[in-house]
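Enquirer: One structure, as structure tokens, below. Some questions next.
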Amino acid sequence: MNGAEILLEALEQEEVEDIFGYPGAVLLALLDALLRSKIRHILVRHEQGAIHAADGYARVSAKTGVCLATSGPGATNLVTGIANAYMDSIPVVILTGQVSTELLGTDSFQEADITGITIPITKHSYIVKDARELPRIVKEAFYIARTGRPGPVLIDLPKDILNQVVTKAASSKMTLKSYKVFGKGNIGQIEELAKSIAKSTRPVIYAGGGIVTAGATKPLRALVEKCNIPVVTTLMGLGCIPSDHPNFLGMAGMHGTVSANYALDDCDLLIALGVRFDDRVTSGLGHKFATKAKIVHIDIDPAEIGKVVRANIPIVGDVHMVLEELASRLNSPKVGEWWEQIHAWQRDFPLRYEQDGRLSPQIILGCIAETAGDDAIIVTDVGQHQMWVAQCYPIKYPRQLVTSGGLGTMGFGLPAAVGAQIAKPGKDVVLITGDGSLQMTIQELATIAQHRLPVKIVLMNNGVLGLVRQWQKMFYEERFSEIQLHANPDFVKVAEAYGIKGMRVTTAQEVKPCLTEAMNHPGPVLMDFVISPDEVVLPMVVPGNVITDMLGR
Amino acid sequence: MLHTLAVLVENHPGVLMRVVGLFARRAYNIDSLSVCQTENPGISRMTIVVSGDDQIIEQVSKQLYKLVVVHKVTDLTDETIVDRELALVRVKVNAETRMEVLQTVNVFRGRVVDMGRSNVTVEITGDGEKIDAFVRTMRPYGLLELVRTGTIAILRSDN
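In order, the protein sequences belong to chains V and C.
Following my numbering, the numbering of the first sequence begins with 126 at its first residue and continues without gaps.
Following my numbering, the numbering of the second sequence begins with 6 at its first residue and continues without gaps.
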């Protein structure tokens, strides 16, 4: 067996079914071995597409995504996507080709120090120096990627290692002596939390991506319903409680609901579950965040506790295990008055938008929800459309929404939709994107066409970089600079050029018929919805101010 | 405030880069750093002196623990420790100052390890303060070259 075959066998041991990748010279042995493997290789059109697809695949399936790129430029093209997965704690194993070991460090053709480059954005990385190490390294890489706080792990594969012929079977025994995963939380602290809940009168749960990762939606819901505690989520936490649940106040933070932000500010007990107090929630003002509250912070990553906000009750552990442990100790607090206050905020400051018959983003989103149904996976790109989805789209279950949270990567959407559709071939996948984002990875339309992926692409086309334009409008006295996307292509024709059905919608009346036709179409569809550049995302926290200081209440 | 951290790490190529990169990335300041093999050849020990308040040091420690290659982080600051630094100091001398310099070296329990016509090279060990004091004393004679190892530290035994 050669190194490439050992690698593929090790991947099969990890139950890998799909790899997203792009070939290159140093990968020839691996590409050849792939022909004889059960593993399916999805050919993308740019390595960034491969890593985002693996990322989207992991988000919807809860499995570890795998991508492959060649050495040098192939590997460096992955960097944005690796950072994206790292910021959102997504388990991905990245395989990169590398020049032969004897050429390492000599600036040889297509050589880049990809392990060095990616140290700050990977959970761990390996350079393989002997093919006999591959079974162990692959096993460790998957274990590290998916356990604890998940994240990307990179394996750099020199060409001669892939070609190395090995006769003796190698051991796959892991030797991770220094890697620790936290499970159960401290019982004393959990009891302390139970007491604090019973005593509180204005509790709030602030739930994030950690709930989704831990699969903790059931115990979360049990806690919420037993104690009647209001819930706000982060962008990454959307779906951990159904959007129509009576205790759900909406997303918190910069473009959150007023009631969510007011509740965070006014609560006496903040129960933070699998969140990292990101500056898009706290406005970057950790010391002015939830100042009236006792703060409980439950996270599997000890380094998150105390990083931004002091925690009165820190609990390091798997949030699923902690919530289950907590369940038997719960006594309901008295929250009647608190709910009256919250209902008053919800009544006085609902999410609202003008309904004047124009083709508004909210009408489009409402219609997608109606035609795609509760089960459809929603993938977004980054920008205004993403925030409109976060505010209005009825996300009903965890892993339904696929969105780039921490890094905010424009261009994530289309390849992530590829990954989502590969992972869930039986589900409808709807990509909601903008004309700026789409053009960053538009080449992946070819991947969709080649693999006949029936992704429905909803393009909110306003001809501008909307979120930047919105800031220039609000805070730079309408001095618009470099946000006009002149020379946008005719997106319907672009779709058609790839053999994808293209449709254009310019009025509100056309939305429903278009979406109905698209959802019933067996293949991919790109719908070009022409909206006004003056659409804005409101409400919003004034940048640099506390989260109760919101425009557009 | 300065904290002395003992960090036990895997003895692999590239480990130093992971640790040092973390400090740079998170904007922590390394005051001194020394790395050596331990009694276990698979494990290296880094002694890192870092400045920051207790909250920063707690973050440093937690972030270090997140590196897969890190086994153990111990903050030696509040503990009873023995800490040592080694310095090699080359000082200018002439017929008049030679004896004076050598006497001072004796007072500091230093050792002359090299001698030229116009300079002496002294080896001196001790905690940082002692070495600072020695360097201060030598400076008026003309400090030609100074090499310091950075602190290494060990916990005092219980008995």
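Ideal placement from N, C-alpha and C gives every residue a C-beta, glycine not left out.
Every value quoted in this text rests on a predicted model; they were computed, and no experiment measured them.
(1) Any idea if ARG274(V) is buried or exposed, counting beta-carbon neighbours within 10 angstroms, 16 or more meaning buried?
(2) Tell whether a beta-carbon distance below 8 Å holds between VAL636(V) and CYS492(V).
(3) Just list the beta strand (DSSP E) runs in the segment 149-173 of chain V, keeping only unbroken ones of 3 residues or longer that don't cross its boundaries, in chain order.
(4) What's the gap between the Cα of SER66(C) and the Cα of HIS422(V)?
(5) With three or more C-beta pairs closer than 8 Å as the rule, is the segment 444-457 of chain V touching the segment 341-356 of chain V?
(6) Between the alpha carbons of LEU91(C) and ARG141(C), how many angstroms are there, rounded?
(7) Could you tell me whether the segment 422-439 of chain V touches the segment 393-402 of chain V, where touching means 3 or more Cβ pairs closer than 8 Å?
(8) Going by the DSSP bridge assignment, what does ASN586(V) pair with across the sheet?
(9) Decide if ARG23(C) is buried, meaning its Cβ has at least 16 other Cβ atoms within 10 Å, or exposed.
(10) Beta-carbon of LYS637(V) versus every beta-carbon of chain C: anything under 8 Å?
(11) Quick check: what's the CA-CA separation for ASN164(C) versus ILE438(V)?
(12) Going straight from the alpha carbon of THR240(V) to that of TRP470(V), what length do you get?
(13) Alpha carbon to alpha carbon, how far is ARG184(V) from ILE503(V)? Give it in angstroms, no decimals.
(14) Reducing DSSP to helix, strand and coil, say where GLY491(V) ends up.
(15) Give a yes or no on contact between the segment 664-673 of chain V and the segment 42-62 of chain C, applying the rule of three or more CB pairs nearer than 8 Å.
(16) Is there a Cβ from chain V that is less than 8 Å from the Cβ of ARG50(C)?
(17) Is the Cβ of TYR304(V) closer than 8 Å to any Cβ of chain C?
(18) Please classify ASP213(V): is it buried, with 16 or more other beta-carbons within 10 angstroms of its beta-carbon, or exposed?
(19) Which residues bound the alpha helix (DSSP H) around HIS422(V)?
(20) Please name the residue, chosen from GLY131(C), GLY57(C), TYR33(C) and LEU69(C), that lies closest to VAL14(C) on a Cα-to-Cα basis.
(21) Would you say GLU621(V) and SER485(V) are within 8 Å of each other, going by their C-beta atoms?
(22) Do PRO216(V) and ARG261(V) have their C-beta atoms closer together than 8 Å?
(23) Check the Cβ of ILE269(V) against every Cβ in chain C and list those closer than 9 Å, keeping chain order.
(24) In chain C, which residues lie less than 9 Å from HIS412(V) when you measure between Cβ atoms?
(25) Ignore the nearest five residues each way along the sequence and tell me which others in THR407(V)'s own chain have a CB closer than 6 Å to its CB.
(26) Please confirm whether ASP560(V) and GLY531(V) have their CB atoms less than 8 Å apart.
(27) Given ALA571(V), which residues of its chain have a CB within under 8 Å of its CB, disregarding the five upstream and five downstream residues?
(28) Which class does ASN164(C) belong to by DSSP, given the choice of helix, strand or coil?
(29) If you pair each beta-carbon of the segment 141-150 of chain C with each one of the segment 76-87 of chain C, do three or more pairs fall below 8 Å?
(30) Helix, strand or coil, according to DSSP, for PHE600(V) in the structure here?
(31) Less than 6 Å between C-beta atoms, sequence neighbours within five positions excluded: which residues of the same chain meet that for SER233(V)?
(32) SER162(C) to CYS41(C), Cα distance in whole Å?
(33) Hey, could you find the ends of the beta strand (DSSP E) SER39(C) is sitting in?
(34) Roughly how many whole angstroms lie between the Cα atoms of GLU1(C) and ASN16(C)?
(35) Between TYR33(C), LEU149(C), ALA138(C) and ASP137(C), which has its C-alpha nearest GLY121(C)'s C-alpha?
(36) PRO458(V): buried (16+ other C-beta within 10 angstroms of its C-beta) or exposed?
Expert: Let me lay it out:
(1) Locating residue 274(V) in the first sequence gives position 149, where the first residue counts as 1. With 16 or more other Cβ atoms within 10 Å, it is buried.
(2) For this step, residue 636(V) is matched to residue 511 along the first sequence. For this step, residue 492(V) is matched to residue 367 along the first sequence. In this structure, CYS492(V) lies closer than 8 Å to VAL636(V) by Cβ.
(3) 165-168
(4) The residue you call residue 66(C) lines up with position 61 of the second sequence. The residue you call residue 422(V) lines up with position 297 of the first sequence. Going from the Cα of SER66(C) to the Cα of HIS422(V) covers about 19 Å.
(5) yes
(6) As a position in the second sequence, residue 91(C) is number 86, starting the count at 1. As a position in the second sequence, residue 141(C) is number 136, starting the count at 1. Roughly 16 Å between the two C-alpha positions.
(7) yes
(8) On the first sequence, residue 586(V) is found 461 positions in, with the first residue counted as 1. Answer is VAL655(V).
(9) For the purposes of this step, residue 23(C) is taken as the residue at position 18 of the second sequence. Under this definition ARG23(C) is a buried residue.
(10) Locating residue 637(V) in the first sequence gives position 512, counting from the first residue. LYS637(V) does not count as touching chain C.
(11) For this step, residue 164(C) is matched to residue 159 along the second sequence. For this step, residue 438(V) is matched to residue 313 along the first sequence. Reliability of the predicted coordinates at ASN164(C) is poor, the pLDDT of 49 falling under 50, and the value obtained from them is presented with this limitation in mind. Going from the Cα of ASN164(C) to the Cα of ILE438(V) covers about 37 Å.
(12) Residue mapping note: residue 240(V) aligns to position 115 of the first sequence, counting from 1. Residue mapping note: residue 470(V) aligns to position 345 of the first sequence, counting from 1. Looking at the two C-alpha atoms, the distance is approximately 50 Å.
(13) If you number the first sequence from 1, residue 503(V) lands on position 378. If you number the first sequence from 1, residue 184(V) lands on position 59. If I take the Cα positions, the gap works out to 11 Å.
(14) Position 366 of the first sequence, counting from 1, holds the residue named residue 491(V). Reduced to three states, the DSSP call for GLY491(V) is helix.
(15) no
(16) Within the second sequence, the letter at position 45 stands for residue 50(C). ARG50(C) does not count as touching chain V.
(17) Within the first sequence, residue 304(V) is the residue found at index 179, counting from 1. Yes, its Cβ sits closer than 8 Å to a Cβ of chain C.
(18) Within the first sequence, the letter at position 88 stands for residue 213(V). Looking at its Cβ environment, which holds 16 or more other Cβ atoms inside 10 Å, ASP213(V) is buried.
(19) Here residue 422(V) refers to the residue found at position 297 when the first sequence is read from its first residue. Per DSSP, HIS422(V) belongs to no alpha helix (DSSP H); it is in the beta strand (DSSP E), 419-424.
(20) Along the second sequence, one-based indexing puts residue 14(C) at 9. Among GLY131(C), GLY57(C), TYR33(C) and LEU69(C), the Cα nearest to that of VAL14(C) belongs to LEU69(C).
(21) Looking up residue 621(V) in the first sequence gives position 496. Looking up residue 485(V) in the first sequence gives position 360. Result no, Cβ atoms of GLU621(V) and SER485(V) do not sit closer than 8 Å.
(22) Stepping through the first sequence from its first residue, residue 216(V) is reached at position 91. Stepping through the first sequence from its first residue, residue 261(V) is reached at position 136. No, these two residues do not count as a Cβ contact at 8 Å.
(23) Start at 1 with the first residue of the first sequence, and residue 269(V) comes out as number 144. Those are VAL73, listed as they occur along chain C.
(24) What you label residue 412(V) is simply residue 287 of the first sequence in a count that begins at 1. None at all; the shortest Cβ gap to chain C is about 12 Å.
(25) The count along the first sequence starts at 1 and reaches residue 407(V) at position 282. Same-chain partners within the cutoff: PHE414.
(26) Within the first sequence, the letter at position 435 stands for residue 560(V). Within the first sequence, the letter at position 406 stands for residue 531(V). No, the Cβ-Cβ distance between ASP560(V) and GLY531(V) is not below 8 Å.
(27) The residue labelled residue 571(V) in the question sits at position 446 within the first sequence. Around ALA571(V): ARG170 and TYR623.
(28) For the purposes of this step, residue 164(C) is taken as the residue at position 159 of the second sequence. Because ASN164(C) sits at a pLDDT of 49, beneath the cut-off of 50, its placement in the model cannot be relied upon, and the following sentence gives the value as read from the coordinates. It is coil, neither helix nor strand.
(29) no
(30) Position 475 of the first sequence, counted from the first residue, corresponds to residue 600(V). Of the three classes helix, strand and coil, the one that applies to PHE600(V) here is helix, per DSSP.
(31) Here residue 233(V) corresponds to residue number 108 of the first sequence, with the count starting at 1. Within the same chain, SER233(V) has close Cβ partners VAL224.
(32) Counting from 1 along the second sequence, the entry for residue 162(C) is found at position 157. Counting from 1 along the second sequence, the entry for residue 41(C) is found at position 36. Cα to Cα, the separation comes out at about 21 Å.
(33) Stepping through the second sequence from its first residue, residue 39(C) is reached at position 34. First-last of the beta strand (DSSP E) with SER39(C): 34-42.
(34) Past the boundaries of the shown model lies residue 1(C); chain C is included only from 6 to 164, so the question cannot be answered.
(35) Numbered from its first residue, the second sequence carries residue 121(C) at position 116. Checked all of TYR33(C), LEU149(C), ALA138(C) and ASP137(C); the closest Cα to GLY121(C) is LEU149(C).
(36) Walking along the first sequence from the start, residue 458(V) turns up at place 333. It counts as buried.
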